[in-house]
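Asks:
2 protein chains.
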Amino acid sequence: MATPANLTHPDRADLNLPSVLFALSDPDRLEIARQLRAGPLDMAECALSNPDMPKSTKSHLMKVLREAGVIRNEANGRSRRLTLRTDDLEARFPGLLAAVLDAPSPD
Amino acid sequence: MATPANLTHPDRADLNLPSVLFALSDPDRLEIARQLRAGPLDMAECALSNPDMPKSTKSHLMKVLREAGVIRNEANGRSRRLTLRTDDLEARFPGLLAAVLDAPSPD
DNA sequence: GCCACAGTTCGACTTTAGTTGAACCATCTA
DNA sequence: TAGATGGTTCAACTAAAGTCGAACTGTGGC
Chain A
28 MATPANLTHP
38 DRADLNLPSV
48 LFALSDPDRL
58 EIARQLRAGP
68 LDMAECALSN
78 PDMPKSTKSH
88 LMKVLREAGV
98 IRNEANGRSR
108 RLTLRTDDLE
118 ARFPGLLAAV
128 LDAPSPD
Chain B
28 MATPANLTHP
38 DRADLNLPSV
48 LFALSDPDRL
58 EIARQLRAGP
68 LDMAECALSN
78 PDMPKSTKSH
88 LMKVLREAGV
98 IRNEANGRSR
108 RLTLRTDDLE
118 ARFPGLLAAV
128 LDAPSPD
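From first to last, the protein sequence lines are chains A and B.
Just so it is clear: in the first sequence, position 91 is 118 by the working numbering, and no numbers are missing.
Just so it is clear: in the second sequence, position 57 is 84 by the working numbering, and no numbers are missing.
#1: With a threshold of 6 Å (Cβ to nearest heavy atom), would B/ARG107 be considered close to the ligand PLP?
#2: Mind checking if A/GLY96 is an interface residue toward chain B, Cβ cutoff 7 Å exclusive?
#3: Go through its chain and collect everything with a Cβ distance to A/LEU123's Cβ below 6 Å, but skip five positions before and after it.
#4: Measure the C-alpha to C-alpha separation of A/ARG112 and B/LEU44 and round it to an integer number of angstroms.
#5: Can at least three beta-carbon pairs, one atom from the region 86-101 of chain B and one from the region 97-112 of chain A, be found at a separation below 8 Å?
#6: Closer than 9 Å, Cβ to any Cβ of chain A: which residues of the region 110-131 of chain B, in chain order?
#7: Using a Cβ cut-off of 7 Å (strictly closer), state whether B/ALA29 contacts chain A.
#8: Please list, in chain order, all residues of the same chain as A/PRO67 whose beta carbon is under 7 Å from its beta carbon, the five residues on each side excluded.
#9: For a cutoff of 7 Å on Cβ pairs, would you count B/LEU51 as touching chain A?
#10: Skipping 5 residues on each side, what residues in its chain have a beta carbon closer than 6 Å to that of B/SER86?
#11: With a cut-off of 8 Å on the beta carbons, I'd call B/LEU42 and B/ASP129 a contact; round off their distance for me.
#12: Strictly by DSSP, which residues pair up with A/LEU109?
#13: Name, please, each residue of chain B whose Cβ falls closer than 7 Å to the Cβ of A/PRO37.
#14: Classify B/SER106 as buried or exposed, calling it buried when 16 or more other Cβ atoms lie within 10 Å of its own Cβ.
#15: Rounded to whole angstroms, how far is the Cβ of B/LEU51 from the Cβ of A/LEU57, which I believe are closer than 8 Å?
#16: Just to confirm, is the Cβ distance from B/ALA126 to A/ALA126 under 7 Å?
#17: Less than 7 Å between the beta carbons of A/ASP55 and A/LEU34, yes or no?
#18: With 16 other CB atoms within 10 Å as the buried threshold, where does B/ALA60 fall?
#19: Taking Cβ-Cβ distances shorter than 7 Å, what residues in chain A pair up with B/LEU88?
#20: At which residues does the alpha helix (DSSP H) containing A/ASP55 begin and terminate?
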């Protein structure tokens, strides 16, 4: 199996619209994407609605975003560097990311 | 219960981003939204990937789109008139609908 | 080396979403 | 007003997604 240190990421050409929309259709995952808009963050810096969320659950959220191609998740010392795949998403789905992240939510 | 003839639709102000993204994250539902882009259609005119889909399943797809506020579903004689809520979506989530419907999909 | 740390993965479980036949409800037509 | 038509709703089931403790892995500090 893939070692935890080397996670797989879909190629830009393989980004799939339904998967991206699904990944962003969860309030927690959407919030993560919004936080990453200003630049990469280490995983521990990513604040969620529920600060007591178990790390396995948080890791799962990241997995869904990563497998959809919304974020990159790379080893960074003992931590994890999370990066929004802005360029890839813009190239494949022009205007989509901005429209989603700029949209009012929850209200 | 609400009679089949009078379905409820969320107000523009109540449109919720995660619900809209979720509704559009299914290939069949996305396809329906795309078909409605050119203008309203009667339900029977809406062609799906699987032409043998049971009507209860098709009705369910419409329900998800309607409850998310993506489409209107109104009585039209013995049929149903489906309308994309373009203006409401644009007002609440500017650029989102166009970005989604213009995006390449499945490839 | 050993240990603490930050995160991933696994496995079992709960929850939510999708699927479908059957019953039902309006509407149109004869 | 009876029957056919086009759809919704219900109920029961299947499938998929979320949750989270426990075990595991790579890294850094001592």
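Glycine included, C-beta positions come from ideal geometry on N, C-alpha and C.
This structure is a prediction, so every number in the text was calculated from the model and none was measured.
Replies: Straight from the coordinates:
#1: What this structure holds is no ligand at all, so the ligand PLP is not there to describe.
#2: no
#3: none
#4: 20 Å
#5: no
#6: ARG119, PHE120, PRO121, GLY122, LEU123, LEU124, ALA125, ALA126, VAL127, ASP129, ALA130 and PRO131
#7: Low per-residue confidence applies at B/ALA29: pLDDT is 40, beneath 50, and the placement is therefore not dependable enough to give any value.
#8: ARG108, LEU109 and THR110
#9: yes
#10: none
#11: At roughly 20 Å, the Cβ-Cβ gap does not stay under 8 Å, so B/LEU42 and B/ASP129 are not in contact.
#12: A/LEU68 and A/ASN100
#13: Near A/PRO37 there are no residues of chain B at all, since even the closest Cβ is about 13 Å away, more than 7 Å.
#14: exposed
#15: Wrong, their Cβ atoms sit about 14 Å apart, outside the cutoff.
#16: yes
#17: no
#18: buried
#19: Result: empty, since nearest Cβ-Cβ is about 14 Å, beyond 7 Å.
#20: 54-63
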